[in-house]
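S.K.: First, the structure itself, so that you have it in front of you.
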Amino acid sequence: MSAVKERTPISTGSEWTFDLIEEYDREIARVAKNFGLDTYPNQIEVITSEQMMDAYASIGMPLNYNHWSFGKQFVETEQNYKRGRMGLAYEIVINSDPCIAYLMEENTITMQALVIAHACYGHNSFFKGNYLFRTWTDATAIIDYLLFAKHYISQCEERYGTDEVEKILDSCHALMNYGVNRYKRPRPLTATEEKERQMAREEYIQRHLNDLWNTIPKKEASGEEQVIHYPKDPEENLLYFIEKNAPLLEPWQREIIRIVRKISQYFYPQKQTQVMNEGWATFWHYTILHQLYDEGLVTDGFMMEFLHSHSSVVYQPAFDSPYFNGINPYTLGYNMMTDIRRICENPTDEDRQWFPDIAGKDWIETLDYAMRNYKDESFILQFLSPRLMRELHLFAILDDAERPTLRVDAIHNEEGYQKLREQLAAQYNLGNREPNIQVYNVDVRGDRSLTLRHYMYNNQPLGDSTDEVLKHVHRLWGFEVKLESVTPSNEVAKTFHCPPKPLSMDLA
Amino acid sequence: MSYIIDRRLNSKKKSTVNRQRFLRRYKQHIKRAVEEAIHDRSISDIERGGEVTIPRRDISEPVFHHGQGGQNTRIYPGNKEFVTGDEFQRPESGGGGGSGQGKASNQGEGEDNFTFSISQEEFLDFMFEDLELPYLVRKQLKDATAFETRRAGYSTSGSPDKLHIVRSLRAAHARRIALGGGDRKEIRALRKELWALEAMQPADDAAQEQMQALRDQIAELDKKARRLPFIDDFDLRYNNLVKVPVPSSKAVMFCVMDVSGSMTQSIKDIAKRFFILLYLFLQRNYKQIELVFVRHHTHAKEVDEQEFFYSRETGGTIVSSALQMTADIIDKRYSPADWNIYVAQASDGDNWDGDSATCSDLLMKRILKKVQYFAYVEITTGPHQNLWYEYEQVHEAFPDEFAMQHITDAGEIYPVFRKLFEKRTEGAA
Chain W
65 MSAVKERTPI STGSEWTFDL IEEYDREIAR VAKNFGLDTY PNQIEVITSE QMMDAYASIG
125 MPLNYNHWSF GKQFVETEQN YKRGRMGLAY EIVINSDPCI AYLMEENTIT MQALVIAHAC
185 YGHNSFFKGN YLFRTWTDAT AIIDYLLFAK HYISQCEERY GTDEVEKILD SCHALMNYGV
245 NRYKRPRPLT ATEEKERQMA REEYIQRHLN DLWNTIPKKE ASGEEQVIHY PKDPEENLLY
305 FIEKNAPLLE PWQREIIRIV RKISQYFYPQ KQTQVMNEGW ATFWHYTILH QLYDEGLVTD
365 GFMMEFLHSH SSVVYQPAFD SPYFNGINPY TLGYNMMTDI RRICENPTDE DRQWFPDIAG
425 KDWIETLDYA MRNYKDESFI LQFLSPRLMR ELHLFAILDD AERPTLRVDA IHNEEGYQKL
485 REQLAAQYNL GNREPNIQVY NVDVRGDRSL TLRHYMYNNQ PLGDSTDEVL KHVHRLWGFE
545 VKLESVTPSN EVAKTFHCPP KPLSMDLA
Chain C
43 MSYIIDRRLN SKKKSTVNRQ RFLRRYKQHI KRAVEEAIHD RSISDIERGG EVTIPRRDIS
103 EPVFHHGQGG QNTRIYPGNK EFVTGDEFQR PESGGGGGSG QGKASNQGEG EDNFTFSISQ
163 EEFLDFMFED LELPYLVRKQ LKDATAFETR RAGYSTSGSP DKLHIVRSLR AAHARRIALG
223 GGDRKEIRAL RKELWALEAM QPADDAAQEQ MQALRDQIAE LDKKARRLPF IDDFDLRYNN
283 LVKVPVPSSK AVMFCVMDVS GSMTQSIKDI AKRFFILLYL FLQRNYKQIE LVFVRHHTHA
343 KEVDEQEFFY SRETGGTIVS SALQMTADII DKRYSPADWN IYVAQASDGD NWDGDSATCS
403 DLLMKRILKK VQYFAYVEIT TGPHQNLWYE YEQVHEAFPD EFAMQHITDA GEIYPVFRKL
463 FEKRTEGAA
């Protein structure tokens with residue numbers, strides 16, 4: 065059968081049918097396998113635009129707990145879509161096993177094939193291969209866990225009232241970005257285990273807390289004044305710290321914090337691999353569909369339509385264009401992936417000098433290695449080539465608040481390459497993008513106040529919503545909360561209080 | 043291998059709960075928007091759904107983020123003429139380079155408001171929330187005259203027109219299975235035995251005899267089974283219908299409007315708006331309500347809805363004519379024993395001298411004792427006239443049944459309307 069050279073295209077029209085989707089999927093799977101893409105099994109679901117809006121509103125997940133902010137998201141999407149201000153994404157893909165991908169029914173067959181190649185084989189293999197996803201998320205369990213979370217939260221709503229639950233969720237959402245362990249690997253989450261051990265945990269936590277807040281004085285406490293630092297080392301995961309240590313929370317409130325924290329942790333790798341993930345998927349849909357064309361399975365018309373949407377996806381408006389909205393992760397990622405292939409296949413002298421270990425190597429292996437072992441920051445730092453910087457005309461602007469003018473710090477020339485690459489990588493470092501805030505101390509023997517520390521990066525202050533967020537921290541913690549911005553030389557530059565300190569106290 | 047699933051027929055409204063949560067949270071904002079919309083709209087489209095706008099600041103979800111300041115290096119694409127070391131002025135905030143990377147939407151000045159639409163249904167919900175007809179009681183509960191026929195399962199007796207064929211045949215089938223089961227089992231067992239013998243093809247007589255006996259036995263049983271009737275009397279099932287008495291909370295609303303010459307165009311417009319609100323409110327919240335429209339100048343006239351709102355006839359003013367007519371209609375058609383009676387009257391307070399006393403007399407003697415609630419709205423920018431003062435005395439005599447409010451401009455219609463029909467906590471009078 066394989067010996068027969070197929071010269072007939074799979075389809076010629078633009079309408080899709082389930083049979084056609086199946087056939088395309090089969091061909092794309094075959095091609096993807098030849099290129100060595102290792103994927104979870106696919107579950108392709110055809111949905112309507114309304115269902116797509118639903119999916120948008122619940123951060124892309126097929127099910128989620130109820131919260132007004134998702135409603136807000138939905139209302140906004142609906143309004144924009146109905147007025148024609150925005151189109152909906154062609155697909156949403158979920159990092160789960162089996163990997164769920166949504167196709168919209170409005171798509172033409174070309175778009176469906178594009179989406180299958182992009183999501184079901186591109187993103188899917190990335191989810192399965194990349195080290196961050198392998199370490200931090202458990203694709204087999206996420207759907208079950210969300211189901212558990214949804215049930216648990218709706219139970220809480222019945223028992224303690226929607227308003228109470230909403231308050232806790234609001235506060236948790238405000239701190240969601242600080243609910244992740246950046247360095248320590250979390251235990252994999254499984255729904256059954258969660259449910260079984262949730263009761264035990266409630267009791268244990270309460271006992272453990274009582275120990276910490278034990279007010280019966282200890283023997284030694286009589287004489288020397290010893291400053292107790294708790295926690296001993298600063299804690300980066302604020303939600304985790306609050307869940308385990310906040311003195312006044314009910315067990316169910318701790319459980320809700322835990323749920324938000326777990327979901328946040330699940331999405332953490334996605335935030336760190338946007339460029340790579342999209343670049344990888346875009347690169348593969350491009351490569352796979354061209355392979356289909358070379359084999360005569362798709363028509364010229366198919367390719368025209370595909371290339372049209374492909375090129376609009378990877379379009380990068382210049383910085384002075386009215387459409388400019390930051391660097392397009394699709395463009396950057398796709399171009400870098402293509403560039404790596406080029407360096408492997410046709411290296412120039414410059415490439416040999418910059419990338420001695422990959423120039424001239426097998427491109428499939430090299431790309432696979434890059435996909436598995438990097439995140440955006442390190443990927444750019446390692447693989448952004450001078451040639452690509454020239455093609456994209458990258459330049460760096462230094463905005464120093466103490467100087468009256470902006471300064472062009474580096475451009476795409478010999479002196480600038482290193483600097484551009486470092487700066488661009490830093491721009492994708494989550495640690496730089498989000499303020500670095502950690503739990504510094506709890507006044508365990510005193511007024512139980514919580515001190516957070518913001519370790520300043522490049523002298524950047526906190527934004528104007530800080531006080532609002534502190535109110536949420538205060539709600540969770542239950543006692544006074546302090547936030548200090550600390551310069552690298554360990555000086556406190558600014559302090560925030562919640563509840564706000566009366567003025568007279570400040571003088572002291 | 044991939045699974046392809048058609049999810050298009052799955053439920054669509056997954057976000058409904060979240061949307062309702064959102065509406066609930068911003069109820070105050072939406073109510074305000076609805077109120078404003080009522081003022082601005084013309085009479086004919088007052089009930090449409092509408093757009094609600096909330097300042098984005100009020101619905102933002104705060105997160106820790108970097109503010110302006112410090113050293114900040116950003117990479118931009120599309121360099122045209124810059125070389126390292128170029129310096130230039132900062133662009134005005136919001137323009138030029140932008141703050142990049144998706145932060146632009148939740149920071150800085152000049153953010154647009156959050157606008158979304160609510161449906162007509164939701165719009166009216168917000169408009170008439172917490173309003174009710176005061177003192178509505180269920181009259182006639184004891185000697186209910188209205189019945190409703192409801193289905194109540196099946197019965198074994200009934201008239202042929204109520205025969206339920208499927209149920210009947212099902213019952214017959216069940217009966218046949220129940221009665222014939224034992225015999226059929228026996229037949230099967232005997233047949234098996236017979237076949238076993240036949241298969242051996244024995245030659246001796248004893249076996250032949252045994253086979254014959256078996257055949258006879260089977261024939262006997264077969265006959266017996268066949269004697270079971272296909273359908274029997276007691277298989278029949280009939281639809282069972284029962285009569286349920288319905289308590290009625292019948293209500294009637296009299297809309298009494300002054301259309302005399304002293305009512306200027308703007309006052310008439312306000313009066314009409316008031317009645318339109320009332321009309322929408324009643325239509326929406328009360329399934330069974332009758333409306334009686336009365337308009338008057340020197341003569342009162344009972345009119346239909348169309349004429350009430352759109353007729354242009356006018357003249358002098360004798361308010362008592364309308365009250366007289368209302369009282370007559372109540373006597374003739376709406377016995378207070380059966381009906382909850384409401385009256386809403388709108389006027390500019392200008393009345394023929396000496397008629398106001400007649401009005402209060404009519405109210406106290408003939409109307410107020412029969413009605414649940416009488417709402418009077420005076421629309422005037424000038425000082426009150428004698429009708430208002432007469433009515434004040436009425437109000438003192440009947441503080442629960444009689445309510446009066448004063449409107450000076452269109453903006454007050456909705457608040458006054460709310461005040462007149464807000465939910466009361468105490469029980470019926």
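Chains as they are written, first to last, in our numbering: chain W, 65 to 572; chain C, 43 to 471. Glycine included, every Cβ here is placed at the ideal spot set by N, Cα and C.
Within 10 angstroms of its Cβ, does D203/C collect 16 or more other Cβ (buried), or is it exposed?
M.R.: Taking the second sequence and counting its residues from 1, the one referred to as residue 203/C is at position 161. Result: exposed.
S.K.: Count the other CB atoms, across all protein chains shown, that sit within 10 Å of the CB of G396/C; report buried if there are 16 or more and exposed otherwise.
M.R.: Translated into the one-based positions of the second sequence, residue 396/C becomes position 354. Exposed, since its Cβ has fewer than 16 Cβ neighbours within 10 Å.
S.K.: For a minimum of 3 consecutive residues, which ranges assigned as the beta strand (DSSP E) are wholly contained in the segment 337-420 of chain W?
M.R.: none
S.K.: Note down, in chain order, each residue of its chain lying with its Cβ closer than 7 Å to the Cβ of H448/C, except the 5 sequence neighbours on either side.
M.R.: Here residue 448/C corresponds to residue number 406 of the second sequence, with the count starting at 1. Only E420 meet the Cβ criterion.
S.K.: When the Cα atoms are used, what is the spatial distance from F447/W to K483/W?
M.R.: Within the first sequence, residue 447/W is the residue found at index 383, counting from 1. Within the first sequence, residue 483/W is the residue found at index 419, counting from 1. Rounded to the nearest angstrom, the gap between the Cα atoms of F447/W and K483/W is 14 Å.
S.K.: What would DSSP say about Q110/C, mapped onto helix, strand or coil?
M.R.: The residue you call residue 110/C lines up with position 68 of the second sequence. In this structure, Q110/C counts as coil in the three-state DSSP scheme.
S.K.: Using the Cα positions of Q491/W and Y209/W, report the straight-line distance between them to the nearest angstrom.
M.R.: Looking up residue 491/W in the first sequence gives position 427. Looking up residue 209/W in the first sequence gives position 145. When rounded, the distance between both Cα atoms is 33 Å.
S.K.: Taking just the CA atoms, how far does G120/C sit from E91/W?
M.R.: Numbered from 1 along the first sequence, position 27 holds the residue referred to as residue 91/W. Numbered from 1 along the second sequence, position 78 holds the residue referred to as residue 120/C. Cα-Cα distance, rounded: 38 Å.
S.K.: In whole angstroms, give me the CA-to-CA distance for K259/W and V229/W.
M.R.: Translated into positions along the first sequence, residue 259/W becomes position 195. Translated into positions along the first sequence, residue 229/W becomes position 165. Taking the CA atoms as reference points, K259/W sits about 19 Å from V229/W.
S.K.: Rounded to whole angstroms, what's the CA-CA distance from S363/C to Q143/W? Just pull it up for me.
M.R.: Position 321 of the second sequence, counted from the start, is the residue given in the question as residue 363/C. Position 79 of the first sequence, counted from the start, is the residue given in the question as residue 143/W. Between S363/C and Q143/W, the C-alpha separation is close to 53 Å.
S.K.: According to a CB-to-CB cut-off of less than 9 Å, which residues of the segment 108-121 of chain C neighbour chain W?
M.R.: H108, G109, Q110, G111, G112, Q113, N114, T115, R116, I117, Y118, P119, G120 and N121
S.K.: Excluding five sequence neighbours on each side, which residues of the same chain lie with their C-beta closer than 8 Å to the C-beta of P73/W?
M.R.: In the first sequence, the residue the question calls residue 73/W occupies position 9. Hits under 8 Å: G360, L361, V362, T363 and F366.
S.K.: Under 8 Å between beta-carbons, which chain W residues line up against T157/C? List them in chain order, please.
M.R.: Within the second sequence, the letter at position 115 stands for residue 157/C. Under the 8 Å cutoff, chain W gives Q143.
S.K.: On the three-state DSSP scale, how would you describe M295/C?
M.R.: In the second sequence, residue 295/C corresponds to position 253, counting from 1. The three-state reading of DSSP puts M295/C in strand, counting E and B together.
S.K.: Kindly indicate which residue of F276/C, M446/C, R212/C and Y321/C has the alpha-carbon position closest to the one of I331/C.
M.R.: On the second sequence, position 289 is the one that residue 331/C refers to. Out of F276/C, M446/C, R212/C and Y321/C, Y321/C has the C-alpha closest to the C-alpha of I331/C.
S.K.: Counting C-beta neighbours from all protein chains within 10 Å, is the total for L51/C 16 or more, i.e. buried, or is it exposed?
M.R.: Reading the second sequence from its first residue, position 9 is the one you call residue 51/C. Exposed, because fewer than 16 other Cβ atoms sit within 10 Å of the Cβ of L51/C.
S.K.: Answer with yes or no whether the minimum CB distance from Q70/C to chain W is below 8 Å.
M.R.: On the second sequence, residue 70/C is found 28 positions in, with the first residue counted as 1. Q70/C does not count as touching chain W.
S.K.: On a CA-only basis, which of D100/C, Q62/C and M169/C is nearest N327/C? Give me that one, please.
M.R.: For the purposes of this step, residue 327/C is taken as residue 285 along the second sequence, with counting starting at 1. Out of D100/C, Q62/C and M169/C, M169/C has the C-alpha closest to the C-alpha of N327/C.
S.K.: Indicate whether at least one CB of chain W lies closer than 8 Å to the CB of S44/C.
M.R.: As a first step, residue 44/C is located in the second sequence; it is residue number 2 there, counting from the start. Among the residues facing chain W, S44/C is included, as its CB has a counterpart in that chain under 8 Å away.
S.K.: Looking at C-alpha atoms only, which residue of P450/W, H182/W and E544/W is the closest neighbour of Q417/W?
M.R.: Residue 417/W sits at position 353 when you count from the first residue of the first sequence. Of the candidates P450/W, H182/W and E544/W, the one whose C-alpha sits nearest the C-alpha of Q417/W is P450/W.
S.K.: Quick one: give me the first and last residue of the alpha helix (DSSP H) that E91/W is part of.
M.R.: The count along the first sequence starts at 1 and reaches residue 91/W at position 27. Counting along the chain, the alpha helix (DSSP H) containing E91/W begins and ends at F82 to N98.
S.K.: Rounded to the nearest angstrom, what separates A238/W and A96/W at their Cα positions?
M.R.: Residue mapping note: residue 238/W aligns to position 174 of the first sequence, counting from 1. Residue mapping note: residue 96/W aligns to position 32 of the first sequence, counting from 1. Roughly 41 Å separates the two Cα atoms.
S.K.: Compute the distance between the beta-carbons of N188/W and C163/W, then report whether it is under 8 Å.
M.R.: Within the first sequence, numbered from 1, the residue matching residue 188/W stands at position 124. Within the first sequence, numbered from 1, the residue matching residue 163/W stands at position 99. Yes, these two residues count as a Cβ contact at 8 Å.
S.K.: What are the residues that DSSP puts in a beta bridge with C562/W?
M.R.: Mapped onto the first sequence, residue 562/W falls at position 498. DSSP, once it has assigned bridges, lists V545/W as partnering C562/W.
S.K.: Can you list, in chain order, the residues of its chain with a C-beta nearer than 7 Å to that of T430/W? Leave out the 5 residues immediately preceding and following it.
M.R.: Residue 430/W sits at position 366 when you count from the first residue of the first sequence. Correct list, in chain order: I404, C408 and I422.
S.K.: Nearest CA to the CA of I383/C: which residue from E164/C, G222/C, I371/C and M305/C?
M.R.: The residue labelled residue 383/C in the question sits at position 341 within the second sequence. The option with the nearest alpha carbon to I383/C is I371/C.
S.K.: Give me the chain W residues within the contact set of F130/C, using Cβ-Cβ distance strictly less than 9 Å, ordered along the chain.
M.R.: Position 88 of the second sequence holds residue 130/C. Within 9 Å Cβ-Cβ: T469, L470, R471 and V472.
S.K.: For chain C, is any of its Cβ atoms less than 8 Å away from the one on F134/W?
M.R.: On the first sequence, position 70 is the one that residue 134/W refers to. It does: the Cβ of F134/W has a partner Cβ on chain C nearer than 8 Å.
S.K.: So, for I111/W: in the same chain, excluding its five sequence neighbours on each side, which residues have a beta-carbon less than 6 Å away from its beta-carbon?
M.R.: As a first step, residue 111/W is located in the first sequence; it is residue number 47 there, counting from the start. The residues are Y166.
S.K.: For a cutoff of 8 Å on Cβ pairs, would you count S442/W as touching chain C?
M.R.: The count along the first sequence starts at 1 and reaches residue 442/W at position 378. So, not an interface residue.
S.K.: In three-state terms, what does DSSP make of Q243/C?
M.R.: Counting from one through the second sequence, the residue named residue 243/C turns up at place 201. Here Q243/C sits in coil by DSSP.
S.K.: State the CB to CB distance for the pair Q323/W and A213/W, rounded to an integer number of angstroms; the pair is presumed to be in contact (CB under 8 Å).
M.R.: What you label residue 323/W is simply residue 259 of the first sequence in a count that begins at 1. What you label residue 213/W is simply residue 149 of the first sequence in a count that begins at 1. It should be noted that the sequence gives Ile, not Gln, for residue 323/W. Contact holds; Cβ gap of about 4 Å.
S.K.: Would you report the Cα separation of R485/W and N493/W, rounded to the nearest angstrom?
M.R.: As a position in the first sequence, residue 485/W is number 421, starting the count at 1. As a position in the first sequence, residue 493/W is number 429, starting the count at 1. Roughly 13 Å separates the two Cα atoms.
S.K.: Alpha helix (DSSP H) containing M446/C: first to last residue?
M.R.: As a working note, residue 446/C is residue 404 in the second sequence. No alpha helix (DSSP H) contains M446/C, which is instead part of the beta strand (DSSP E) from F444 to I449.
S.K.: Between S529/W and chain C, is any beta-carbon pair separated by less than 8 Å?
M.R.: Counting from one through the first sequence, the residue named residue 529/W turns up at place 465. Yes, because at least one Cβ of chain C sits closer than 8 Å to the Cβ of S529/W.
S.K.: Kindly indicate the opening and closing residues of the beta strand (DSSP E) around V139/W.
M.R.: Within the first sequence, residue 139/W is the residue found at index 75, counting from 1. Premise fails: V139/W lies in the alpha helix (DSSP H), W132 to K146, not in any beta strand (DSSP E).
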